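> Once you've had a glance at the structure underneath, I'll fire off some questions.
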Amino acid sequence: MTIDDRKVDIDDELNEFECEILTKIQNRRTQFTNYFWKFWTFFGSPYIWIILCGIFIVMKMFHVSYTIFVIFISYFVIVLPLKSLIRRKRPYASCKDVKALDTMLRDFSFPSGHTFLGTISFFSFALIYGNIFWIVLSLILGGFVGFSRIYLGVHYITDVIISYFLAIFFAFLILWLSPTLYLMHELTIKLI
38 MTIDDRKVDI
48 DDELNEFECE
58 ILTKIQNRRT
68 QFTNYFWKFW
78 TFFGSPYIWI
88 ILCGIFIVMK
98 MFHVSYTIFV
108 IFISYFVIVL
118 PLKSLIRRKR
128 PYASCKDVKA
138 LDTMLRDFSF
148 PSGHTFLGTI
158 SFFSFALIYG
168 NIFWIVLSLI
178 LGGFVGFSRI
188 YLGVHYITDV
198 IISYFLAIFF
208 AFLILWLSPT
218 LYLMHELTIK
228 LI
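Residue numbers (the working numbering): 38 to 229.
In structure tokens form, the structure reads like this:
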């Protein structure tokens, strides 16, 4: 048995395990939980953050729109190349009993873009503008976005977990590399 053969076996076992969990989650769907998790998945959509960025520009809250813009760029620089590189099929395409409750997407599963974008957005704003309460709440909300993707049958658990931690890491990195976010925030506070 070669190293590549062992890798395939491990991948198959992990896929099978995740498919079983996704099937169990799917079997517990109700009309209420379907609406609930569809609502939460919306906060990981790129469209909501584009709209919010535009609203904040119109409101002349440039520090907020700048933050959203930097976060959004990180999505294109990190998530999309990883999807093309890893090329993991979506659960509804690989797991025989998993049905997508959301739109059947044509791109790849890993990493979860919604989880990344929702988590990095909530967490970045909490780090910049909040205290420990907002930081903890942002991590919970990012987790909600991530679980919504699992619940809807469009991502594996590992897609979501890795995206969640990537988002947290890159939120810290963005803030470290971009001290102007802090300066813009401080100037805005002084002007108000």
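C-beta atoms are modelled at their ideal positions from N, C-alpha and C, and glycine is treated no differently.
In this text, all values refer to a predicted model and were calculated from it rather than measured experimentally.
So is E53 buried or exposed if we call it buried at 16+ other beta carbons inside 10 Å?
Answer is exposed; the Cβ neighbour count stays below 16.
> In angstroms with no decimal places, state the Cα-to-Cα distance between G183 and M96.
C-alpha separation (whole angstroms): 30 Å.
> Please work out which residues of its chain come closer than 7 Å, Cβ to Cβ, to F79, disregarding the five sequence neighbours upstream and downstream, and give them in chain order.
Cβ within range, chain order: I85.
> Just the C-alpha distance for A163 and W171, rounded to the nearest angstrom, thanks.
Spanning the two alpha carbons is a distance of roughly 5 Å.
> Just the C-alpha distance for S121 and V191, rounded to the nearest angstrom, thanks.
Their backbone Cα atoms lie some 17 Å apart in a straight line.
> Can you check whether the CB of S146 is closer than 8 Å to the CB of I126?
According to the sequence as given, residue 126 is Lys; it is not Ile. For K126 and S146, yes; Cβs fall inside 8 Å.
> In this structure, how does DSSP classify D7 when only helix, strand and coil are distinguished?
In the structure as shown, the chain starts at 38 and stops at 229, and residue 7 therefore has no counterpart that could be examined.
> Just the Cα atoms here: how many angstroms apart are E55 and I123?
Each residue's Cα considered, the two are about 17 Å apart.
> Round the Cβ separation of V107 and I211 to the nearest angstrom and send it over; I've been treating them as touching at under 8 Å.
About 6 Å separates the two Cβ atoms, so the contact holds.
> Is DSSP giving V197 helix, strand or coil here?
Helix at V197.
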